[in-house]
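Trainee:
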Amino acid sequence: MSSDLIQRSIAELGHDSWLTEGGSKIVVKFGAGGQKVTLSHTFPDELLCLPKFDLVSGHGLGKLAHVLTDGNSDGGRVCIGDDSSTAVNTDRPELAYQDAVREHVLLLTRLIEDPAYNREEQLREFEDHWQILCGKKTEELKELFVVWDGDRAESLQVRHPHRHPNSGMDLQKRPIALVGRSANDPRLLSVRLGADWGTRPVKGKAVAVRLIDLEPAPATQGDLLPWYFGAVRRADSTSRSELRRLHKKKSGEYWLVFSAPIPDGETLFAIHWYTRSRGALPASETEVEAGRWTATPYRVRSLSRGSLVPRGGGSLALTSKSVLLVGCGSVGSELAMQLISAGVGHLTISDPETLSEENLYRHALSVKDIGQLKTVALAGELALKHPWIEVKPLNNQLEQLRDPAVLQTFDLLVIAIGSSTVERVFAEYCRQERISVPVMNCWLEGYGIGGHAILTVPETKGCWHCAYVDPKTLTRGLVSNLNFLAPDQVVMRNHGGCGTQFLPYSGIAVGYSASIAADLAVRFLEGQVTNSSKVSWKGSDEEAKRASLAVTRRYRHFADSLRILPLHDDNCDLCGG
559 MSSDLIQRSI AELGHDSWLT EGGSKIVVKF GAGGQKVTLS HTFPDELLCL PKFDLVSGHG
619 LGKLAHVLTD GNSDGGRVCI GDDSSTAVNT DRPELAYQDA VREHVLLLTR LIEDPAYNRE
679 EQLREFEDHW QILCGKKTEE LKELFVVWDG DRAESLQVRH PHRHPNSGMD LQKRPIALVG
739 RSANDPRLLS VRLGADWGTR PVKGKAVAVR LIDLEPAPAT QGDLLPWYFG AVRRADSTSR
799 SELRRLHKKK SGEYWLVFSA PIPDGETLFA IHWYTRSRGA LPASETEVEA GRWTATPYRV
859 RSLSRGSLVP RGGGSLALTS KSVLLVGCGS VGSELAMQLI SAGVGHLTIS DPETLSEENL
919 YRHALSVKDI GQLKTVALAG ELALKHPWIE VKPLNNQLEQ LRDPAVLQTF DLLVIAIGSS
979 TVERVFAEYC RQERISVPVM NCWLEGYGIG GHAILTVPET KGCWHCAYVD PKTLTRGLVS
1039 NLNFLAPDQV VMRNHGGCGT QFLPYSGIAV GYSASIAADL AVRFLEGQVT NSSKVSWKGS
1099 DEEAKRASLA VTRRYRHFAD SLRILPLHDD NCDLCGG
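Each residue of the sequence shown is one higher than the one before, counting from 559 in my numbering.
So, in structure tokens, the structure goes:
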């Protein structure tokens, strides 16, 4: 990488540029808003991302968005986007440097010449600038875990970590704040256990404050107090009432957690007030000095549902949905994980079997769960990983759940038992009893050849039997017409007699099958799919060939893998014609 060539390429853009420190550093100067702006960059040993430049301090331009300062100067690293999102021409580094300088100049020019844009961008990246005030290094960073939706003012309970935490977990090393109504919420049991909540000391008073409007984060620690007193004047009426209450109490410690609107979302942040003596929450800078109060900014790490579910790719619209999943084997257990990750808030799971060691390599559960009921162990795993969910374990077989009073309470029934005979009986029951809840059946074929899911929505064209119309006789059959392995073949294997028969398939095939079923279920629950539908994934037939197994005509001609199709079959004697 030639620094001289890079310098000349930047000069071609019309900017002043020169090398310093023996050619290890380049300086670029350009004009914006009637002022000269200076950038600097130290060449790396290897170019692995778009070059980043520093804005040299002392420019007198005020606080700029997308400039990460150290909190004590007006210079700092300019952020022009995610390092990994831009492809860099490493064969022609001078071109990468030209692109980088163009982007830096374009961004900084707009920030300098358009104050309204600069303010909006500062608010958009409020959390990044606030974090600078909270400490530079990970071990010094002041952080507070918070469970609060941020929608209204509420009292909080803050518990400090033990002086010597039981583990290195962040939840145990940081203070944690819960709104009063969350302190005993069963959906937050994993949070309370992980934080060792029950044995922590409670110190000081705490309140959650909702701000109507927000100013950009203070540039330095010295700006914090005037910024804070300006911010609390923009609190909503309920929050101001909570703050007036604290102005009348006495304590040596106060926690204030704030929520405020920013472009494209909401932000949370906190301030911790402390004094060696007791006093009311200070209402002015004079009272801060008189009471020898110190104000410390804290970064908030939110554990609220409104933060966790969308950030994890889930949908808040699904948190009120209730699903019954019958079958917690390989596909069912993975499907349960995916439904919960998608945002489903209420899941009932039913399976009478316990986990055995033979299941481990293609099951969501682990060695510690061997011998436990799959539903009980799975419910525990789901609750530990996902706060804010309700999982109810049952040990019933599908045929034992034929009760309209039970079934009608769900938004969707999902069946993953891999038994077409039992599923046929259940489908007939639902039809005769006019069960209005949609039913999804999913299954996996062996040898990595594929998997399928069908969704039956009452009062729409298509039913369970549509997936079992024999393609040769066009009458009801015993084998699904979706299958890729031809019928009347021995597909089971055994390693020790009849009692150890199993269908060979991998954990990868399990993931595919669970994914198409979860996708279909979520699309239905979100209202994207409204009619009876089917979906399949098609794998390789190499394993089937090695086992001398034949495939169906559908497999040979199938080209709609992952595509959701209508379930209806014109030849079905129940809903066709």
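Ideal Cβ positions, reconstructed from N, Cα and C, are used throughout, including at glycine.
Here's the rule I'm using: 16 or more other beta-carbon atoms within 10 Å means buried, otherwise exposed. How should R920 be labelled?
Mentor: By the 10 Å Cβ count, R920 comes out buried.
Trainee: Would you call the segment 774 to 792 and the segment 969 to 982 in contact, with 3 or more CB pairs under 8 angstroms?
Mentor: Too few Cβ pairs lie closer than 8 angstroms, so no.
Trainee: Under a Cβ-count criterion, where at least 16 other Cβ atoms within 10 Å of its own Cβ denotes burial, should W576 be classed as buried or exposed?
Mentor: The residue in question, W576, is exposed, as its Cβ has fewer than 16 Cβ neighbours within 10 Å.
Trainee: Counting pairs of beta carbons, one from the segment 703 to 719 and one from the segment 762 to 771, are three or more of them closer than 8 angstroms?
Mentor: At 8 angstroms Cβ cutoff, the stretches touch.
Trainee: Could you tell me whether the segment 725 to 734 touches the segment 701 to 708, where touching means 3 or more Cβ pairs closer than 8 angstroms?
Mentor: The segment 725 to 734, when compared against the segment 701 to 708, does touch it at the 8 angstroms Cβ threshold.
Trainee: Spell out the partners DSSP gives M998 in its beta bridges.
Mentor: Paired residues: V972 and L1013.
Trainee: Using only the alpha-carbon positions, how far apart do N676 and G752 sit?
Mentor: Their Cα atoms are separated by approximately 40 angstroms.
Trainee: Where does L769 fall in DSSP's three states?
Mentor: Strand at L769.
Trainee: Which term fits N647, buried or exposed, when burial requires 16 or more other beta carbons within 10 angstroms of its beta carbon?
Mentor: Counting Cβ neighbours within 10 Å, N647 comes out exposed, since fewer than 16 surround it.
Trainee: Just confirm the distance between the C-beta atoms of A748 and A941, as a whole number of angstroms; I'd bet it's less than 8 angstroms.
Mentor: Inspection of the sequence shows that residue 748 is occupied by Ser rather than by Ala. Contact holds; Cβ gap of about 6 angstroms.
Trainee: Straight-line CA distance for E981 to N999?
Mentor: If I take the Cα positions, the gap works out to 8 angstroms.
Trainee: With distance defined between alpha-carbon atoms, name the residue in V614, P609 and L669 nearest to D640.
Mentor: Per the Cα distances, P609.
Trainee: If you measure between the beta carbons of D794 and I770, is that distance less than 8 angstroms?
Mentor: Cβ atoms of D794 and I770: closer than 8 angstroms.
Trainee: If you reduce the DSSP assignment to three classes, tell me which class V1049 lands in.
Mentor: If DSSP states are grouped into helix, strand and coil, V1049 belongs with coil.
Trainee: Roughly how many whole angstroms lie between the Cα atoms of E915 and P759?
Mentor: Rounded to the nearest angstrom, the two C-alpha atoms are 43 angstroms apart.
Trainee: So, N1129 versus L1002, is the Cβ gap smaller than 8 angstroms?
Mentor: Result no, Cβ atoms of N1129 and L1002 do not sit closer than 8 angstroms.
Trainee: When you compare each of I993, L1036 and S1038 to E1017 by their alpha carbons, which one comes out closest?
Mentor: Taking only the C-alpha atoms, the option nearest E1017 is I993.
Trainee: Drop a sphere of 10 angstroms on the beta-carbon of H720, count the other beta-carbons inside from all chains shown, and report buried for 16 or more, exposed for fewer.
Mentor: With fewer than 16 Cβ atoms within 10 Å of its Cβ, H720 is classed as exposed.
Trainee: Sort out for me which residues DSSP pairs I907 with in a bridge.
Mentor: Looking at the DSSP assignment, I907 forms a beta bridge with L883 and P951.
Trainee: For a quick check, are the C-beta atoms of I568 and V659 less than 8 angstroms apart?
Mentor: Contact: yes.
Trainee: Helix, strand or coil for V1109? Go by DSSP, reduced to three states.
Mentor: If DSSP states are grouped into helix, strand and coil, V1109 belongs with the strands.
Trainee: Measuring CB atoms only, is the segment 654 to 674 touching the segment 820 to 828, in the sense that at least three cross pairs come out at less than 8 angstroms?
Mentor: No: the two stretches stay apart, fewer than three of their Cβ pairs being nearer than 8 angstroms.
Trainee: Could you name the residues of the same chain whose beta carbon sits closer than 8 angstroms to that of S1098, not counting the 5 residues immediately before and after it, in chain order?
Mentor: So the qualifying residues of the chain are G1006 and I1007.
Trainee: Are there 16 or more other CB atoms within 10 angstroms of the CB of P868, so buried, or fewer, so exposed?
Mentor: Exposed, since its Cβ has fewer than 16 Cβ neighbours within 10 Å.
Trainee: For R732, does the three-state DSSP call read helix, strand or coil?
Mentor: Three-state DSSP puts R732 in coil, outside helix and strand.
Trainee: Which residue's Cα is closest to the Cα of N742: L956, P945, G634 and L1083?
Mentor: N742 has its Cα closest to that of P945, out of L956, P945, G634 and L1083.
Trainee: Among the residues of its own chain, which have a CB less than 7 angstroms from the CB of H718, if the five just before and after it don't count?
Mentor: Closer than 7 angstroms at the Cβ level, and outside the excluded window around H718, lie P733, R758, P759 and K761.
Trainee: Is it true that the CB of V1015 sits closer than 8 angstroms to the CB of T906?
Mentor: Not a contact, by the Cβ cut-off of 8 angstroms.
Trainee: Looking at H1010 and L1132, is the spacing between their C-beta atoms short of 8 angstroms?
Mentor: Their beta carbons are not under 8 angstroms apart, which means L1132 does not touch H1010 by this criterion.
Trainee: In angstroms with no decimal places, state the Cα-to-Cα distance between L746 and K943.
Mentor: The alpha-carbon atoms of L746 and K943 are separated by roughly 11 angstroms.
Trainee: Should the segment 803 to 813 be regarded as contacting the segment 838 to 848, the criterion being three or more beta carbon pairs within less than 8 angstroms?
Mentor: Counting Cβ pairs under 8 angstroms, three or more are found: they touch.
Trainee: With three or more C-beta pairs closer than 8 angstroms as the rule, is the segment 852 to 861 touching the segment 873 to 886?
Mentor: Output reads no: the segment 852 to 861 does not touch the segment 873 to 886.
Trainee: Helix, strand or coil for E701? Go by DSSP, reduced to three states.
Mentor: Residue state, collapsed to three classes: strand.
Trainee: Measure the alpha-carbon distance for L952 versus S799 and round it to whole angstroms.
Mentor: If I take the Cα positions, the gap works out to 47 angstroms.
Trainee: Relative to the alpha-carbon of H1136, which residue among V663, Y832 and T644 has its alpha-carbon at the smallest distance?
Mentor: Residue coverage of the chain in this structure runs from 559 to 1135, which leaves residue 1136 outside it and unanswerable.
Trainee: Going by DSSP in three states, W851 sits in which element: helix, strand or coil?
Mentor: Three-state DSSP puts W851 in coil, outside helix and strand.
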